[in-house]
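**Student:** Line by line, the protein sequences give chains B and Y. The opening residue of the first sequence carries number 215 in the working numbering; numbering runs sequentially from there. The opening residue of the second sequence carries number 9 in the working numbering; numbering runs sequentially from there. What follows is a single structure, and I will ask about it in a moment.
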Amino acid sequence: MRGCQQKAVTAMASVSNAPTHPDQTQPRVALVGNPNTGKSTLFNALAGMKVRTGNYPGVTIEKKLGTCELGDQEIELVDLPGTYSLAPRSPDELVAVEVLTDNVAAHGGVKLIVCVVNALLLQRNLFLVSQLLELGKPVVVALNMIDVAESRGIQINVERLSERLGVPVVATSAAKRTGITELKKTIADQLDSDTNEHERCRILPSEFYSAVATFRETLNSTSTKTGASESKISDLPDDYLLERMLLDRGGEPETRVIAQYGDSARVALTEIREQLAAELGDPIDIECNARYAWAREKLSAVFTNESHPSSPVTDRLDAILTHRVAGLVCFVITMFLIFQTIYTFAGWPMDLIDAASSWMSDSICAVMAPGMLRSLITDGIIAGVGGVLIFLPQIALLFLFLALLEDCGYMSRAAFLVDRIMTTFGLSGKSFLPMMSSFACAVPGVMASRVIENRRDRFATIMVAPLMSCSARLPVYLLLIAAFIPETSYIGGWLSLPAIVLMSMYMVGVVVAIPVAWVLKKTILRGEVAPFVLELPEYKVPSLAVVLSRVWDAGKAFVIRAGTLIFAASILIWFAGYLPGDHSKQYQLQTQIEQLDQSSEAAELLVVELNNESSKLLENSMLGRTGHFIEPVVRPLGWDWKIGVGALASFPAREVIIATLGTIYSLGGDAQEEGLVGALQASTYDDGTPVYSVPVALSVMVFFALCAQCVSTLLVIRRETNSWFWPILSFSYMTILAYIGAWLTYVVGSRFL
Amino acid sequence: MDLLRLILIKENLLETTLDQLRPGQQANIVRISGADGIASRLREMGFVPGELVKFVRPAPLGDPLKCFVHGSRIAVRCGEARRVYVKPVG
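See below:
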């Protein structure tokens with residue numbers, strides 16, 4: 215048995231390790247660009263589906279790696295998050311810059327930078343290009359969306375542009391797959407040429423560079439004076455970061471260098487900035503003026519049409535989709551349709567997975583005699599992992615819609631429409647998408663919060679997203695409503711009491727999320743209101759490759775991450791419910807029943823006996839003893855030990871409660887829900903009073919609505935926030951709220967119902 | 009004083025801020041106040057002195073505002089728009 219478990223664990227380990235070891239010998243090429251330049255589409259066109267995603271160590275920046283074949287050699291492509299500039303304002307953004315400047319040896323160093331620019335917004339995109347040229351690395355410019363530009367009558371002289379910029383420029387259309395071969399060839403040529411050290415472009419005024427040199431001297435002398443070792447001097451930030459220090463007030467390079475050199479560096483920095491301001495004006499203006507002037511100069515006589523022709527299609531669509539009334543109506547309809555589709559279309563693949571797991575379980579029962587191993591495989595592994603995999607269709611569909619909405623350009627409009635409402639609660643328009651996703655499952659919801667750049671807004675969103683009633687809570691609601699809420703209807707059958715209760719359960723999470731977000735933003739996530747400057751890109755037909763790869767990534771991550779975890783949790787719960795105890799009588803009964811005709815009277819008698827035996831074993835198992843131990847804690851909620859142990863067992867994954875209650879009520883793990891409904895209604899205390907009443911059922915539901923019973927979510931929060939603090943906070947506040955909420959529901963409910 | 013100011017704005021003689029424009033109105037960007045991250049983000053996204061900006065329409069609840077600047081559509085909250093000083097044209 216142990217061997218079997220070990221094998222399974224190593225198999226899992228090899229699955230999760232395989233994609234994270236890149237071949238170090240391949241040259242690395244980074245893909246950089248503004249958001250909405252078609253960078254992802256270009257990445258897909260270059261790397262195909264061979265894409266690995268992960269995080270850079272220590273930060274929440276997504277690392278997307280792909281392999282691209284260039285004739286006889288292979289290169290590794292690194293897709294960096296879309297950015298408007300290389301001015302790092304957070305540790306996360308600094309990582310992206312460090313990847314490009316090659317300050318971190320562990321990242322392998324980037325040999326070449328491909329900058330993707332939007333041919334429609336060339337001048338603004340050259341801002342970033344000018345910063346990249348200052349890094350002293352070979353750069354190739356991919357002039358993307360050239361087909362759209364040409365269709366609007368913009369003719370760009372690519373050769374002249376390339377000459378002016380001093381780097382190769384390749385006109386591409388990632389969406390139409392044109393220019394890709396030429397881009398690959400250009401990258402290969404650049405990699406083959408020997409000149410790895412490029413001259414750093416100097417775009418800012420010469421006074422600025424001499425100020426940087428002075429500042430470097432000051433830092434140097436400071437570190438010598440304070441007796442710093444030789445190594446510290448060589449630790450001096452490189453030219454690019456020093457320049458950024460002077461330019462970005464309160465930026466990350468400034469924070470880091472001041473932390474390293476102390477107050478003397480701060481004084482020197484202020485002095486040099488004041489001096490610069492006297493000579494040239496404010497550093498922020500120096501950079502902006504110099505770069506835009508540079509861009510204008512490079513682009514003169516490169517265009518045939520220098521005005522900005524706007525897209526009439528986008529303007530017309532926006533007139534409706536961002537309209538005061540029509541915009542909101544379209545928004546509500548879109549959201550409704552997405553959820554309706556997810557629930558409707560996910561149904562049949564879910565049934566299929568369900569059927570497959572019960573078929574597997576049945577086949578194993580047919581070939582194996584009852585025993586510990588069989589119980590582990592069927593009750594533990596198949597029931598546990600199958601129970602989670604069943605949500606895969608919903609997750610895939612949800613991500614399909616999210617990717618479609620995002621790639622066509624609607625997502626930023628949704629953020630635009632709801633921003634005002636979300637700011638009232640201390641969130642932002644960009645929080646809407648993650649919160650909405652969390653109604654299906656908090657795991658993709660938390661992952662979707664990556665779109666929020668501001669750390670405080672992102673963390674507040676991650677903290678409240680798990681309060682949205684996810685699809686795993688639905689079975690719990692349905693079971694208890696079916697058992698205890700009478701089928702009363704109002705307004706001539708238009709409204710039924712069960713539907714109202716179900717809707718209220720969904721509202722509980724939303725209503726609680728508002729004050730929670732508000733309190734978080736007033737306490738540990740306090741700070742200035744984050745800026746909201748969001749580009750609303752032109753509408754376009756979504757790229758199939760991008761959408762499908764997004765769905766594939768999400769599905770794979772869900773299966774691997776949640777799968778390994780649920781796998782382990784199922785085994786643990788099974789052990790706790792199985793040990794200690796002598797199961798020989800149980801197996802004997804099972805064998806006897808399987809040999810008999812299932813419908814015979816003798817078999818039915820044996821089934822009753824088996825259920826009693828199973829129940830007794832469970833009560834004496836670790837799980838049962840724990841249940842009795844925690845009973846005093848759950849008494850105030852109106853619960854008995856069985857509900858208590860069910861809730862406890864479902865902390866790894868809330869849907870476990872159904873299986874646990876089923877087992878507890880002597881029906882075995884694969885209980886029919888109607889049977890469980892009956893068992894719940896019939897269950898009594900020793901003195902004959904029923905365990906469940908309407909207040910008890912409501913209290914259980916409220917507990918499940920608010921509690922953080924999902925290890926996958928907590929682990930995803932850990933991964934996305936890169937700290938244990940946030941998952942622990944999330945777990946604690948939700949559990950406390952759930953307990954208080956359930957207690958209030960029971961106390962108030964008992965008085966009025 | 010207020011009346012004079014209003015007349016001056018109406019006659020395009022006085023600068024105002026981006027959030028004060030009428031939907032559909034165009035203006036020249038004069039300057040952007042502040043020297044923090046937001047100020048440079050606005051500049052990177054095309055809010056550059058001398059550039060023409062058009063206030064397209066506000067969101068359903070009045071905030072944020074949709075603008076057209078430097079060839080692209082940008083949504084900014086009123087708070088950010090107040091930092092963009094403009095001189096209306098036309």
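Where is the CB? At the ideal position from N, CA and C, for every residue including glycine.
Along the chain, where does the alpha helix (DSSP H) containing residue 301/B start, and where does it finish?
**Tutor:** Within the first sequence, numbered from 1, the residue matching residue 301/B stands at position 87. No alpha helix (DSSP H) holds residue 301/B; DSSP gives it neither H nor E.
**Student:** Kindly list, in the order they appear in chain B, the residues whose Cβ is closer than 8 Å to that of residue 76/Y.
**Tutor:** Looking up residue 76/Y in the second sequence gives position 68. Those within 8 Å of residue 76/Y in chain B are 524.
**Student:** Using a Cβ-Cβ cutoff of 8 Å, what residues of the segment 288–299 of chain B are near chain Y? List them in chain order.
**Tutor:** Of all residues in the segment 288–299 of chain B, 298 and 299 have a Cβ within less than 8 Å of some Cβ in chain Y.
**Student:** Please classify residue 34/Y: does DSSP put it in a helix, a strand, or coil?
**Tutor:** On the second sequence, position 26 is the one that residue 34/Y refers to. Strand, per DSSP.
**Student:** Taking Cβ positions only, does residue 35/Y come closer than 7 Å to chain B?
**Tutor:** For the purposes of this step, residue 35/Y is identified with residue 27 of the second sequence, where counting begins at 1. With 7 Å as the cut-off, residue 35/Y does not count as an interface residue toward chain B.
**Student:** I need the straight-line Cα distance from residue 23/Y to residue 66/Y, nearest angstrom please.
**Tutor:** As a first step, residue 23/Y is located in the second sequence; it is residue number 15 there, counting from the start. As a first step, residue 66/Y is located in the second sequence; it is residue number 58 there, counting from the start. About 20 Å.
**Student:** For residue 850/B, tell me which candidate among 658/B, 963/B and 822/B has the shortest Cα-Cα distance.
**Tutor:** Here residue 850/B refers to the residue found at position 636 when the first sequence is read from its first residue. Closest option to residue 850/B, Cα to Cα, is 963/B.
**Student:** Less than 7 Å between CB atoms is the rule here; does residue 968/B satisfy it with respect to chain Y?
**Tutor:** Outside the modelled stretch of chain B, which goes from 215 to 967, sits residue 968/B, for which no answer is possible.
**Student:** Would you mind stating whether residue 556/B and residue 619/B have Cβ atoms separated by less than 7 Å?
**Tutor:** For the purposes of this step, residue 556/B is taken as residue 342 along the first sequence, with counting starting at 1. For the purposes of this step, residue 619/B is taken as residue 405 along the first sequence, with counting starting at 1. No, these two residues do not count as a Cβ contact at 7 Å.
**Student:** Helix, strand or coil for residue 898/B per DSSP?
**Tutor:** Residue mapping note: residue 898/B aligns to position 684 of the first sequence, counting from 1. Three-state result, residue 898/B: strand.
**Student:** With 7 Å set as the bound, which would you pick, yes or no: does the beta-carbon of residue 85/Y sit closer than that to a beta-carbon of chain C?
**Tutor:** Of the protein chains in this structure, namely B and Y, none is chain C.
**Student:** Interface residues of chain B around residue 49/Y at Cβ under 9 Å?
**Tutor:** Along the second sequence, one-based indexing puts residue 49/Y at 41. Near residue 49/Y (Cβ distances below 9 Å), the residues of chain B are 298, 299, 301, 303, 745 and 747.
**Student:** Could you spell out where the beta strand (DSSP E) holding residue 93/Y opens and where it closes?
**Tutor:** On the second sequence, position 85 is the one that residue 93/Y refers to. Per DSSP, residue 93/Y belongs to the beta strand (DSSP E) from 92–97.
**Student:** Please list, in chain order, the chain B residues whose beta carbon lies closer than 7 Å to that of residue 41/Y.
**Tutor:** Your numbering for residue 41/Y matches position 33 in the second sequence. Correct list: empty, because the minimum Cβ distance to chain B is about 11 Å.
**Student:** How far does the alpha helix (DSSP H) with residue 512/B in it reach, from first residue to last?
**Tutor:** Position 298 of the first sequence holds residue 512/B. That run of the alpha helix (DSSP H) goes 497–513.
**Student:** Using a Cβ-Cβ distance under 7 Å, would residue 631/B count as near chain Y?
**Tutor:** On the first sequence, position 417 is the one that residue 631/B refers to. Interface residue, yes.
**Student:** Using a threshold of 7 Å, state whether the C-beta atoms of residue 837/B and residue 892/B are closer than that.
**Tutor:** For the purposes of this step, residue 837/B is taken as the residue at position 623 of the first sequence. For the purposes of this step, residue 892/B is taken as the residue at position 678 of the first sequence. Not closer than 7 Å, so no.
**Student:** For the segment 801–847 of chain B, list the alpha helix (DSSP H) runs that are entirely contained and at least 4 residues long, ordered along the chain.
**Tutor:** Taking only runs of at least 4 residues, the alpha helix (DSSP H) segments lying wholly in the segment 801–847 of chain B are 815–834.
**Student:** For residue 865/B and residue 554/B, what's the separation of their Cα atoms in angstroms?
**Tutor:** As a position in the first sequence, residue 865/B is number 651, starting the count at 1. As a position in the first sequence, residue 554/B is number 340, starting the count at 1. Cα-Cα distance, rounded: 29 Å.
**Student:** Based on DSSP bridge pairs, tell me the residues matched to residue 63/Y.
**Tutor:** The count along the second sequence starts at 1 and reaches residue 63/Y at position 55. DSSP lists 75/Y as partners of residue 63/Y.
**Student:** Measuring alpha carbon to alpha carbon, tell me which residue in 250/B, 338/B and 283/B is nearest residue 259/B.
**Tutor:** Residue numbering aside, residue 259/B sits at position 45 when the first sequence is read from its first letter. Comparing Cα positions, the closest option is 283/B.
**Student:** For residue 681/B, decide whether its Cβ has a neighbour in chain Y, counting only Cβ atoms nearer than 7 Å.
**Tutor:** Here residue 681/B corresponds to residue number 467 of the first sequence, with the count starting at 1. Chain Y contact via Cβ: absent.
**Student:** Could you give the DSSP three-state label for residue 328/B: helix, strand or coil?
**Tutor:** Taking the first residue of the first sequence as 1, we reach residue 328/B at position 114. Strand.
**Student:** Is it true that the CB of residue 735/B sits closer than 7 Å to the CB of residue 674/B?
**Tutor:** Here the question's residue 674/B lines up with position 460 in the first sequence. Here the question's residue 735/B lines up with position 521 in the first sequence. Cβ distance < 7 Å, so residue 674/B and residue 735/B count as in contact.
**Student:** So, is the C-beta of residue 31/Y closer than 7 Å to a C-beta in chain B?
**Tutor:** Residue 31/Y sits at position 23 when you count from the first residue of the second sequence. Not an interface residue.
**Student:** So, with DSSP's three-state summary, where would you put residue 516/B?
**Tutor:** Translated into positions along the first sequence, residue 516/B becomes position 302. DSSP places residue 516/B in coil when its eight states are reduced to three.
**Student:** Determine the burial state of residue 958/B: buried for a count of at least 16 other Cβ atoms within 10 Å of its Cβ, exposed for fewer.
**Tutor:** Numbered from its first residue, the first sequence carries residue 958/B at position 744. When all chains shown are included, residue 958/B counts as exposed.
**Student:** Judging by CA-CA distance, which residue of 361/B, 304/B, 300/B and 326/B is the nearest neighbour of residue 339/B?
**Tutor:** Here residue 339/B refers to the residue found at position 125 of the first sequence. Closest option to residue 339/B, Cα to Cα, is 300/B.
**Student:** Do the segment 236–256 of chain B and the segment 290–299 of chain B meet, that is, are 3 or more Cβ pairs less than 8 Å apart?
**Tutor:** Touching, yes, given that three or more Cβ pairs across the two stretches are closer than 8 Å.
**Student:** Residue 334/B touches chain Y at which residues, Cβ-Cβ below 7 Å?
**Tutor:** Taking the first residue of the first sequence as 1, we reach residue 334/B at position 120. Here the neighbours are 79.
**Student:** Taking the C-alpha atoms as reference points, what is the distance between residue 664/B and residue 333/B?
**Tutor:** The count along the first sequence starts at 1 and reaches residue 664/B at position 450. The count along the first sequence starts at 1 and reaches residue 333/B at position 119. The straight-line gap from Cα to Cα measures roughly 27 Å.
**Student:** Can you list the residues of chain B that residue 44/Y reaches, using a CB-CB cut of under 7 Å?
**Tutor:** As a position in the second sequence, residue 44/Y is number 36, starting the count at 1. The answer, in chain order, is 463 and 464.
**Student:** For the ligand COA, any of its heavy atoms closer than 6 Å to the Cβ of residue 760/B?
**Tutor:** Questions concerning the ligand COA fall outside what the structure shown contains, since it holds no ligand whatsoever.
**Student:** Cα-Cα, which of 515/B, 861/B, 806/B and 956/B is closest to residue 924/B?
**Tutor:** In the first sequence, residue 924/B corresponds to position 710, counting from 1. Nearest of 515/B, 861/B, 806/B and 956/B to residue 924/B, Cα basis: 861/B.
**Student:** Pick out whichever of 28/Y, 68/Y, 78/Y and 75/Y has its Cα sitting closest to the Cα of residue 95/Y.
**Tutor:** As a working note, residue 95/Y is residue 87 in the second sequence. Ranking 28/Y, 68/Y, 78/Y and 75/Y by Cα distance to residue 95/Y puts 28/Y first.
**Student:** Taking C-beta to C-beta, are residue 73/Y and residue 47/Y nearer than 7 Å?
**Tutor:** For the purposes of this step, residue 73/Y is taken as the residue at position 65 of the second sequence. For the purposes of this step, residue 47/Y is taken as the residue at position 39 of the second sequence. No, the pair does not count as a contact, with Cβ atoms beyond the cut-off.
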